[in-house]
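Novice:
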Amino acid sequence: MLVLIRHRGNGTNMLQSSDIRMRGIKENSILSFNTAAQFPIDFVEFDVQVTKDDCPVIFHDNFIVSEDKDVFIGKRVTDLKLPEFLSYEPQKQLGEFDDHIVYKERQLKHVLQVILQLFKHVVNEYVEGRRIFFSTFQPDAALLIRKMQSSYPVYF
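Numbering (my numbering), first residue to last: 600 to 755.
Here is the structure:
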C-alpha cells in the first residue's frame, strides 16, 4: 500500500520558488495545510516546538531568528514564552537542519508530556476518524512517546 504524506503541508521554505503558485505559501502554515488537503494525500506532517511556558507551536526550527542592524540573533523556541515567540516577524532566512540536536532526557520528557496532553485533548475533540501517528528523528523521543501512550503508532 502506498501512503502519501505532505511534508509540512504544501508550502515552501524558500523566499523564492520556481513555481509561482508556491511563492505565497509558507510551509508549516494553515494555508500550507489547507492547500495540501486539496490533493489526494493520506497525511500532513508538521513540526511542533514547545515554548518556555508550555505552549506547543507549529514551527520547524529549534531556533527563531531576528535581525538587528544587519546582525542575526537566534534564540531557542524553548527559551521564549509564547508572547515573545509571537512577537517575531515571519522568518526570512532558511532555517538550519537541526533535527540532530541532543536533549537531556528530563527536558525531552517534559516537552513530550506537554505535547501529549494537548494531543489527547485535540484528538478527543477533533479526530473524527482521522488516522494519526507520531514520527521523530530522535530515538529517545520515539521511546518516550511509546511509553507515554499506546493508542497511536510511533515511527523513527
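Think of the CB as a built atom: it goes at the ideal place given N, C-alpha and C, for glycine as much as any other residue.
Being a predicted model, the structure only gives us computed values, none of them experimental.
For R729 and V602, what's the separation of their Cα atoms in angstroms?
Specialist: In the sequence shown, the residue the question calls residue 729 occupies position 130. In the sequence shown, the residue the question calls residue 602 occupies position 3. Whole-angstrom Cα-Cα distance: 14 Å.
Novice: Around the C-beta of A636, are 16 or more other C-beta atoms found within 10 angstroms, so that it is buried, or is it exposed?
Specialist: Locating residue 636 in the sequence shown gives position 37, where the first residue counts as 1. Per the 10 Å Cβ criterion, exposed.
Novice: Alpha carbon to alpha carbon, what distance is there between F736 and D697?
Specialist: As a first step, residue 697 is located in the sequence shown; it is residue number 98 there, counting from the start. As a first step, residue 736 is located in the sequence shown; it is residue number 137 there, counting from the start. With a pLDDT of 46 at D697, under the threshold of 50, the predicted position of this residue should be treated as unreliable, though the coordinate-derived value follows. Spanning the two alpha carbons is a distance of roughly 10 Å.
Novice: Considering only residues of the same chain and omitting the five flanking positions on each side of N609, which have a CB-CB separation below 6 Å?
Specialist: By 1-based counting over the sequence shown, the position of residue 609 is 10. Excluding residues within five positions, the ones whose Cβ falls inside 6 Å are S631, T634 and A635.
Novice: Across which residues does DSSP place V656 in a beta bridge pair?
Specialist: The residue given as residue 656 occupies position 57 in the sequence shown. DSSP output for V656 lists Q648 as bridge partner(s).
Novice: Would you mind reading off the limits of the alpha helix (DSSP H) that contains I731?
Specialist: Against the sequence shown, residue 731 aligns to sequence position 132. No alpha helix (DSSP H) contains I731, which DSSP labels as neither H nor E.
Novice: Alpha helix (DSSP H) containing I744: first to last residue?
Specialist: For this step, residue 744 is matched to residue 145 along the sequence shown. I744 -> alpha helix (DSSP H) spans P738 to M747.
Novice: Given a cut-off of 8 Å, decide if V676 and F658 are closer than it, judged by their beta-carbon atoms.
Specialist: Walking along the sequence shown from the start, residue 658 turns up at place 59. Walking along the sequence shown from the start, residue 676 turns up at place 77. Yes, Cβ-Cβ distance for F658 and V676 is below 8 Å.
Novice: Please classify L711 as buried or exposed, where buried requires at least 16 neighbouring CB atoms within 10 angstroms.
Specialist: Here residue 711 corresponds to residue number 112 of the sequence shown, with the count starting at 1. When all chains shown are included, L711 counts as buried.
Novice: Report the three-state DSSP secondary structure of E666 (helix, strand or coil).
Specialist: On the sequence shown, position 67 is the one that residue 666 refers to. Of the three classes helix, strand and coil, the one that applies to E666 here is strand, per DSSP.
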